[in-house]
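Undergrad: Position in the sequence shown counted from 1, then plus 14, gives you the numbering used here.
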Amino acid sequence: MDKLIIEGGHPLKGTINVSGSKNAALPILIACLLVKGTVRLTNVPRLRDIFTTLKLLNILGCETTFEGNTVTAKVTELKHEAPYELVKTMRASVLCLGPLLGFLGEAKVALPGGCAIGARPVDLHLKALERMGARFILDSGYIHGVCGSLIGARIVFDFPTVGGTENLLMAASVAKGCTILENCAREPEVVDLANFLIACGARIRGAGTAVIEVEGVRELKGCEYRVMPDRIEAGTYLVAGAITDGELTLVDCPLEELDALVSKLREMNVQVERQEGGTVLVRRGGELVGVDVTTQPHPGFPTDMQAQLMALMCVAAGTGSIQEKIFENRFMHVSELGRMGARISLKDRTAMVRGVPQLVGAPVMASDLRASASLVLAGLVAQGTTEVQRIYHLDRGYERMEEKLSAVGARIRREKE
Ligand code: EPZ
Numbered sequence: 015m016d017k018l019i020i021e022g023g024h025p026l027k028g029t030i031n032v033s034g035s036k037n038a039a040l041p042i043l044i045a046c047l048l049v050k051g052t053v054r055l056t057n058v059p060r061l062r063d064i065f066t067t068l069k070l071l072n073i074l075g076c077e078t079t080f081e082g083n084t085v086t087a088k089v090t091e092l093k094h095e096a097p098y099e100l101v102k103t104m105r106a107s108v109l110c111l112g113p114l115l116g117f118l119g120e121a122k123v124a125l126p127g128g129c130a131i132g133a134r135p136v137d138l139h140l141k142a143l144e145r146m147g148a149r150f151i152l153d154s155g156y157i158h159g160v161c162g163s164l165i166g167a168r169i170v171f172d173f174p175t176v177g178g179t180e181n182l183l184m185a186a187s188v189a190k191g192c193t194i195l196e197n198c199a200r201e202p203e204v205v206d207l208a209n210f211l212i213a214c215g216a217r218i219r220g221a222g223t224a225v226i227e228v229e230g231v232r233e234l235k236g237c238e239y240r241v242m243p244d245r246i247e248a249g250t251y252l253v254a255g256a257i258t259d260g261e262l263t264l265v266d267c268p269l270e271e272l273d274a275l276v277s278k279l280r281e282m283n284v285q286v287e288r289q290e291g292g293t294v295l296v297r298r299g300g301e302l303v304g305v306d307v308t309t310q311p312h313p314g315f316p317t318d319m320q321a322q323l324m325a326l327m328c329v330a331a332g333t334g335s336i337q338e339k340i341f342e343n344r345f346m347h348v349s350e351l352g353r354m355g356a357r358i359s360l361k362d363r364t365a366m367v368r369g370v371p372q373l374v375g376a377p378v379m380a381s382d383l384r385a386s387a388s389l390v391l392a393g394l395v396a397q398g399t400t401e402v403q404r405i406y407h408l409d410r411g412y413e414r415m416e417e418k419l420s421a422v423g424a425r426i427r428r429e430k431e
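This is the structure in C-alpha cells:
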C-alpha cells in the first residue's frame with residue numbers, strides 16, 4: 015500500500031488543471047451498456063474507480079479502450095451478471111441494474127456492501143424499478159432482477175438519491191412509454207448523464223430539477239461526449255490554495271456548480287474569482303474565520319466537500335460547525351485530524367471545530383476517499399512532516415494528486431508502505 019509524505023508550510027502558487035468528473039464518468043460509462051454502436055468519451059479521468067468500471071463493462075460484454083483520457087466503448091454481446099469481486103470494490107456498480115433490466119430484461123448484481131461512510135442501501139433504486147415492472151429476489155448476496163420489459167411510470171423518490179436518479183434515468187430511457195421521476199437528485203453529475211443520454215438519442219426533460227420526464231425510445235445510438243470537469247476535485251484545490259495561504263489558478267473549474275462551497279469559502283475570508291479567459295483564482299482575502307455548514311442534496315453544501323472544508327476550519331480563527339446530514343458515518347477524518355492537533359468535538363452528526371494557530375505533522379491513516387483528501391490538505395499546512403497512509407482511497411477519486419500539488423510548490427512524495 016502506498017503512502018504520501020508531505021512537508022507542510024509551503025504556500026501553493028501556480029496553475030492546476032481540473033480533471034474530468036469521476037461521479038459523472040462512472041454513470042456515463044455504465045450507460046454505454048444501453049447504446050448500439052460506438053461511444054467515444056473524452057476528459058475521462060485516469061482513476062481506480064474508472065478502471066474498475068471498464069473491467070465491469072468488459073465482463074458485461076462491452077468492449078472498451080482507454081488511451082490518455084479517452085474511452086471508446088462498444089457493446090458486442092450483453093451479459094446480465096455483475097460479479098461480487100468487482101461490485102465489492104465499487105458500489106457504483108449497482109448503476110448497471112437500470113441498463114441491464116432496460117435492455118436485457120434481466121440483471122444479477124452483487125448487493126453492494128456498505129462502505130466506511132455508511133450502510134448505503136439501494137432500496138430506493140429497487141422500489142423505483144419495481145414501479146416500472148421489475149421484480150427482485152435477494153439471494154446469497156446478489157440482487158436478481160427480472161422484468162418482461164420496463165414500462166414507464168410515475169415515481170416519487172423518498173429521498174433525492176443521486177444513484178437512484180441515475181439508475182432510473184437509464185432504465186426509463188429505453189422503457190416503453192413515459193416515466194415521470196419526482197424528488198430527483200439535482201446534482202450536476204445527474205445532468206451530465208442526462209446530456210450524454212440525450213446525445214445518444216434519449217428523450218429527457220428536466221434533468222437538474224426535481225422533476226424529470228423521460229419518453230422511452232427503442233434505441234440509443236453511439237456518440238462522442240466530453241465528461242464535465244470534476245467539481246469536487248476543483249473544490250478540493252480551492253481549499254488547498256486557501257489553507258496554504260497561497261495563490262492558485264484553476265483551469266476548467268466548474269465554479270457555477272460550486273455556489274454553496276464558494277459562498278462558505280467567501281464567508282471564511284477566502285477570495286474566489288473567475289478571471290478573464292475563464293480560469294478561477296483562489297487566495298486568502300484576510301484572516302480565516304470559522305463558519306457553520308450543513309451538508310444537503312445539491313444545490314446545498316456538498317457532503318463530498320465536508321471533510322476538505324473541515325481541514326480549512328481547523329486553522330481558522332474562532333469556532334465553526336459542520337452538520338453531516340447525508341451519510342451517517344462521514345467523520346472518520348476527525349480523529350486523524352485530532353492527531354495533528356486539531357480541536358474538534360463530535361455530538362451526533364455535528365462536528366464543532368475550534369480553530370488552532372498551527373497543526374502539527376503526524377502519521378495519519380486515510381479511511382475513505384474524501385477523508386484522505388482532508389488529511390492531505392491538513393498536511394500541506396501543518397508544521398513538519400505528515401505521512402498519509404492507505405492512499406489507495408485517494409487514488410479512487412483524484413488523478414495524479416501529488417504531481418498536481420508538487421507542480422505548484424507542495425513538498426509531497428509517494429512512497430511504498
Ligand atoms: C453519490 O453516491 C456519489 N457517488 C457520492 O460520492 C456522493 O457523496 C453522494 O452521491 C451524495 O452526493 C457517485 O456518484 C459514484 P445517494 P450515492 O444515493 O448515489 C441514502 C464520493 O466521495 N440512500 O444520493 O450512493 C444513502 O444511504 C462519493 O465521490 C438510501 O437510503 O448517494 C445516503 O445516506 C461518496 N437508499 C443518501 O441516501 C437508497 O436506495 C445519499 O445517497 C439510496 C440512497
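Backbone N, C-alpha and C define an ideal beta-carbon position, used for all residues, glycine too.
Bridge partners for Val432 per DSSP, in chain order?
TA: Outside the displayed range of the chain (15 to 431) lies residue 432, so it cannot be described from this structure.
Undergrad: Would you kindly work out how many angstroms separate the C-alpha atoms of Lys251 and Thr258, rounded to a whole number?
TA: In the sequence under discussion, the amino acid at residue 251 is Tyr, which differs from the Lys named in the question. Between Tyr251 and Thr258, the C-alpha separation is close to 11 angstroms.
Undergrad: If you draw a straight line from the alpha carbon of Gly334 to that of Met366, how long is it in whole angstroms?
TA: 6 angstroms
Undergrad: At which residues does the beta strand (DSSP E) containing Thr31 begin and terminate?
TA: The sequence shown places Asn at residue 31, not Thr. Lys27 to Asn31 is the span of the beta strand (DSSP E), which, as asked, contains Asn31.
Undergrad: Considering Thr179, what are the terminal residues of the alpha helix (DSSP H) in which it resides?
TA: Val176 to Ser187
Undergrad: Excluding the 5 residues flanking Val348 on each side, which residues of the same chain have their C-beta closer than 7 angstroms to its C-beta?
TA: Ile358, Leu360 and Ala365
Undergrad: Starting from Arg384 and walking both ways along the alpha helix (DSSP H), at which residues does that stretch end?
TA: Leu383 to Val395
Undergrad: Within its chain, find whatever has a CB closer than 7 angstroms to the CB of Glu247; leave out the 5 residues flanking it on each side and keep chain order.
TA: Cβ contact annotation for Glu247 (same chain, cutoff 7 angstroms, sequence separation greater than five): Val32, Ser33 and Tyr412, in chain order.
Undergrad: Rounded to whole angstroms, what is the Cα-Cα separation between Thr67 and Ala331?
TA: 43 angstroms
Undergrad: Rounded to whole angstroms, what is the Cα-Cα separation between Thr78 and Arg280?
TA: Going by the C-alpha atoms only, they are around 43 angstroms apart.
Undergrad: Label Asp206 either buried or exposed according to how many other C-beta atoms from any shown protein chain fall within 10 Å of its C-beta, with 16 as the threshold for buried.
TA: Burial call: buried.
Undergrad: Quick check: does the Cβ of Lys69 come within less than 7 angstroms of any heavy atom belonging to the ligand EPZ?
TA: no
Undergrad: Which term fits Ile151, buried or exposed, when burial requires 16 or more other beta carbons within 10 angstroms of its beta carbon?
TA: By the Cβ neighbour-count rule, Ile151 is exposed, with fewer than 16 other Cβ atoms within 10 Å of its own.
Undergrad: Between which two residues does the beta strand (DSSP E) carrying His9 extend?
TA: Because the chain is modelled from 15 through 431, residue 9 falls outside the range shown and cannot be assessed.
Undergrad: Looking only at its chain, what residues have a beta carbon closer than 7 angstroms to the beta carbon of Ala167, apart from the 5 residues adjacent to it on each side?
TA: Arg145, Met146 and Thr193
Undergrad: Only counting the same chain, and skipping five residues up and downstream in sequence, which positions put a Cβ closer than 7 angstroms to that of Gly255?
TA: Leu26, Glu261, Leu262, Val296 and Arg297
Undergrad: Just to confirm, is the Cβ distance from Ser187 to Gly230 under 8 angstroms?
TA: yes
Undergrad: If you compare alpha carbons, which of Gly369, Ala396, Leu408 and Val390 is closest to Leu383?
TA: Leu408
Undergrad: Beta-carbon separation of Val395 and Val305 under 8 angstroms?
TA: No. Outside cutoff.
Undergrad: Contact check, Val89 vs Cys76 under 8 angstroms by CB: the rounded distance?
TA: 5 angstroms
Undergrad: With DSSP as the reference, label Leu195 as helix, strand or coil.
TA: strand
Undergrad: Closest to Glu429 by C-alpha separation, out of Glu416, Ala421, Val422 and Gly423, would be which residue?
TA: Glu416
Undergrad: Residues bridged to Pro243 by DSSP?
TA: Answer is Gly34.
Undergrad: Helix or strand or just coil, what does DSSP make of Asp259?
TA: Three-state DSSP puts Asp259 in coil, outside helix and strand.
Undergrad: Answer with yes or no whether the minimum CB distance from Glu431 to chain B is below 8 angstroms.
TA: The structure shown contains no chain B; it is built from a single protein chain.
Undergrad: Report whether the distance from the Cβ of Val176 to the nearest heavy atom of the ligand EPZ is below 7 angstroms.
TA: The ligand EPZ has a heavy atom closer than 7 angstroms to the beta-carbon of Val176.
Undergrad: According to the neighbour-count rule (16 or more other Cβ atoms, all chains shown, within 10 Å of its Cβ), is Arg344 buried or exposed?
TA: buried
Undergrad: Which residue wins for smallest C-alpha separation from Lys339, given the options Phe315, Val241 and Gln372?
TA: Nearest in C-alpha terms to Lys339, of all of Phe315, Val241 and Gln372, is Phe315.
Undergrad: When burial is assigned at 16 or more other CB atoms within 10 Å of the CB, is Lys17 buried or exposed?
TA: buried
Undergrad: Leu264 and Met282 look like a contact to me (Cβ under 8 angstroms); what is the Cβ gap, rounded to whole Å?
TA: Actually they are not in contact, since the Cβ atoms of Leu264 and Met282 sit about 18 angstroms apart, beyond 8 angstroms.
Undergrad: Examine the Cβ distances between the region 309-328 and the region 287-295 and report whether three or more of them are shorter than 8 angstroms.
TA: no
Undergrad: In the structure shown, what three-state DSSP assignment does Glu432 receive?
TA: Lying outside 15 to 431, the shown extent of the chain, residue 432 is not represented and no answer is given.
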